[in-house]
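J.: According to our numbering, the sequence shown holds residues 80 to 352 in order. Cβ atoms here follow ideal geometry from the backbone N, Cα and C, with glycine treated the same way. Mind having a look at this structure? Questions to follow.
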Amino acid sequence: MVGESSAAGGAGPRISGGVEVYGGTDGAVTWHGVELTADVMRELAAGPWAERVGDLAATRDLITELRSLATTDMETGFIQALLETEPEPLPWQVGEALAEVLLEHWHGALWVWDGARDRRTRKASLPGADLVGLCVADGSARLLFGEVKSSSQQASPPGVMTGADGMISQLQRLSARDDHVTLMKWLRSRCLTPEHKAAYQTAASRYVKSMGKDIYLFGCLVRDTAPEPKDLSDRAAVLAKTVVEPMHALLSAWYLPVAMATWPQHVGVLDRG
């Protein structure tokens, strides 16, 4: 499976699952680009990536329950037709799910809830931060807030990184305290296991003791283009003016050998058999 990566350093060695092709640090902001291999793409698509996109455990439970309620051939046919109405996930949803999987395996992100369960419609983009969880490392935990952008635009940096609605502006807003209470309430209510509750309490304690500054911001860019340091380098310098210790931020660009338009087909989450 994908392994641990150092978040900084220049064009780096082959890491389990990918090659770190560039990186650096600017104050409290670390940035790097990783080119994923075809092998890890196939491995992820057959397991955790697909699971995250489609919340497959809940989907399987729903399908099993619906089929158990059908007692006639007509009802069984209705269930099958109903399942056929489930739309394919959109490329940006697939990219967001991949970012969550990679952050979990490479950077200690702990997701206590699958955001797919909060969607009222499959094509909707939920308001608020894309990423809400905990960052667990060195025996401690921090609140984790972040944003994910997917792009096949050839320009570097792509448009999703710039402007008022771009990733850097969104992370700058997340560094302030305006939405922290709302995000913490969402997270706290979904910490259902003893492990998650304990990690949340540790992170909340660090947050309070630092007067709201000891948090981790993650910004993830998912691309189907050739790796280019300009995707992140200048943007990291801009973000470093806002993010200062004890706050930290990680900007990651993940370069996929699969065209963005085909990500939904590649991950293949829909099983209506």
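1. Please state whether DSSP places GLY89 in a helix, a strand or coil.
2. Grab the span of the alpha helix (DSSP H) containing SER359 for me, first residue to last.
3. Helix, strand or coil for THR164, going by three-state DSSP, please let me know.
4. Tell me, to the nearest whole angstrom, how far the beta carbon of TYR279 is from that of LEU296; I am working on the premise that it is less than 8 Å.
5. Closest by CA to VAL346, which one among ASP217, TRP128, SER219?
6. So is MET153 buried or exposed if we call it buried at 16+ other beta carbons inside 10 Å?
7. Look at MET339 and SER254 and say whether their C-beta atoms are less than 7 Å apart.
8. Among the candidates VAL180, THR150, MET326, VAL100, whose CA atom is the shortest distance from the CA of LEU123?
9. Taking the Cβ atom as the reference point for each residue, do VAL301 and ALA117 lie within a distance shorter than 7 Å?
10. Can you give me the start and stop residues for the alpha helix (DSSP H) that TRP185 sits inside?
11. Just verifying my parser: in three-state terms, what is the DSSP assignment at ARG269?
12. Mapping the DSSP letters down to three states, classify TRP190 as helix, strand or coil.
13. When DSSP labels each residue in this structure, what does LYS228 get in the three-state scheme?
14. Nearest to ALA332 by CA position, among TRP342, ARG314, MET326, GLN249, is which residue?
15. Roughly how many whole angstroms lie between the Cα atoms of MET80 and VAL119?
16. ARG121: buried (16+ other C-beta within 10 angstroms of its C-beta) or exposed?
17. Who are the near neighbours of VAL322 in its chain, counting only those whose CB is closer than 6 Å to its CB and skipping five residues on each side?
18. How big is the Cα-Cα spacing for TYR334 and PRO325?
19. So GLY187 and LEU210 are supposed to be a Cβ contact under 8 Å. How far apart are they, rounded?
20. When DSSP builds the beta bridges, which residues end up paired with HIS345?
21. Beta-carbon separation of GLY207 and LEU223 under 7 Å?
22. Go to ASP118, then tell me how far its alpha helix (DSSP H) extends in each direction, as first and last residue.
23. Tell me, to the nearest whole angstrom, how far the beta carbon of GLU175 is from that of VAL227; I am working on the premise that it is less than 8 Å.
24. Helix, strand or coil: how does DSSP classify SER284 here?
25. Report the partner residues of TRP128 according to the DSSP bridge assignment.
26. Just to confirm before moving on: does the CB-CB distance between VAL191 and ARG269 stay below 7 Å?
27. By DSSP, does VAL260 sit in helix, in strand, or in coil?
28. Please classify ASP310 as buried or exposed, where buried requires at least 16 other C-beta atoms within 10 Å of its C-beta.
T.: Reading off the structure:
1. As a working note, residue 89 is residue 10 in the sequence shown. Since pLDDT at GLY89 reaches only 34, below the 50 mark, its modelled position is unreliable, and the value read off the structure follows with that caveat. Coil at GLY89, not helix or strand.
2. Only positions 80 to 352 of the chain appear in the structure, and residue 359 is not among them; the question remains open.
3. Locating residue 164 in the sequence shown gives position 85, where the first residue counts as 1. Under the three-state reduction of DSSP, THR164 is assigned to coil, being neither helix nor strand.
4. The count along the sequence shown starts at 1 and reaches residue 279 at position 200. The count along the sequence shown starts at 1 and reaches residue 296 at position 217. The Cβ separation is near 18 Å, so there is no contact.
5. Your numbering for residue 346 matches position 267 in the sequence shown. Each of ASP217, TRP128, SER219 was checked against the Cα of VAL346, and the nearest Cα belongs to TRP128.
6. Counted from its first residue, the sequence shown places residue 153 at position 74. Note on MET153: under 16 other CB atoms within 10 angstroms of its CB, so exposed under the neighbour-count rule.
7. Taking the first residue of the sequence shown as 1, we reach residue 339 at position 260. Taking the first residue of the sequence shown as 1, we reach residue 254 at position 175. Not a contact, by the Cβ cut-off of 7 Å.
8. For this step, residue 123 is matched to residue 44 along the sequence shown. Per the Cα distances, VAL180.
9. Here residue 301 corresponds to residue number 222 of the sequence shown, with the count starting at 1. Here residue 117 corresponds to residue number 38 of the sequence shown, with the count starting at 1. The answer is no: Cβ separation not under 7 Å.
10. Locating residue 185 in the sequence shown gives position 106, counting from the first residue. From DSSP, the alpha helix (DSSP H) with TRP185 extends over 170-186.
11. Locating residue 269 in the sequence shown gives position 190, counting from the first residue. Correct three-state label for ARG269: coil.
12. As a first step, residue 190 must be located in the sequence shown, where it is residue number 111. TRP190: coil per DSSP, three-state reduction.
13. By 1-based counting over the sequence shown, the position of residue 228 is 149. Strand.
14. Within the sequence shown, the letter at position 253 stands for residue 332. It is ARG314 whose Cα lies nearest to the Cα of ALA332.
15. The residue you call residue 80 lines up with position 1 of the sequence shown. The residue you call residue 119 lines up with position 40 of the sequence shown. Its pLDDT being 35, under 50, MET80 is placed unreliably by the model, and the measurement read from it follows with that caveat. MET80 and VAL119 have their alpha carbons spaced roughly 8 Å apart.
16. As a working mapping, residue 121 is identified with position 42 in the sequence shown. Its Cβ having fewer than 16 others within 10 Å, ARG121 is exposed.
17. Position 243 of the sequence shown, counted from the first residue, corresponds to residue 322. So the qualifying residues of the chain are ALA107, VAL108, SER254, ALA328.
18. As a working mapping, residue 334 is identified with position 255 in the sequence shown. As a working mapping, residue 325 is identified with position 246 in the sequence shown. Their Cα atoms are separated by approximately 29 Å.
19. Along the sequence shown, read from residue 1 onward, the residue named residue 187 stands at position 108. Along the sequence shown, read from residue 1 onward, the residue named residue 210 stands at position 131. About 13 Å separates the two Cβ atoms, so there is no contact after all.
20. Start at 1 with the first residue of the sequence shown, and residue 345 comes out as number 266. None, per the DSSP bridge assignment.
21. For the purposes of this step, residue 207 is identified with residue 128 of the sequence shown, where counting begins at 1. For the purposes of this step, residue 223 is identified with residue 144 of the sequence shown, where counting begins at 1. No, the Cβ-Cβ distance between GLY207 and LEU223 is not below 7 Å.
22. Within the sequence shown, the letter at position 39 stands for residue 118. ASP118 -> alpha helix (DSSP H) spans 117-124.
23. Taking the first residue of the sequence shown as position 1, residue 175 is located at position 96. Taking the first residue of the sequence shown as position 1, residue 227 is located at position 148. Their Cβ separation, rounded to whole angstroms, is 4 Å, which keeps GLU175 and VAL227 in contact under 8 Å.
24. Translated into positions along the sequence shown, residue 284 becomes position 205. Three-state result, SER284: helix.
25. Walking along the sequence shown from the start, residue 128 turns up at place 49. None, per the DSSP bridge assignment.
26. To locate residue 191, count along the sequence shown from 1; it is residue 112. To locate residue 269, count along the sequence shown from 1; it is residue 190. Yes, the pair counts as a contact, with Cβ atoms nearer than the cut-off.
27. Against the sequence shown, residue 260 aligns to sequence position 181. VAL260: helix per DSSP, three-state reduction.
28. Sequence index remark: in the sequence shown, residue 310 carries index 231 (1-based). With 16 or more Cβ atoms within 10 Å of its Cβ, ASP310 is classed as buried.
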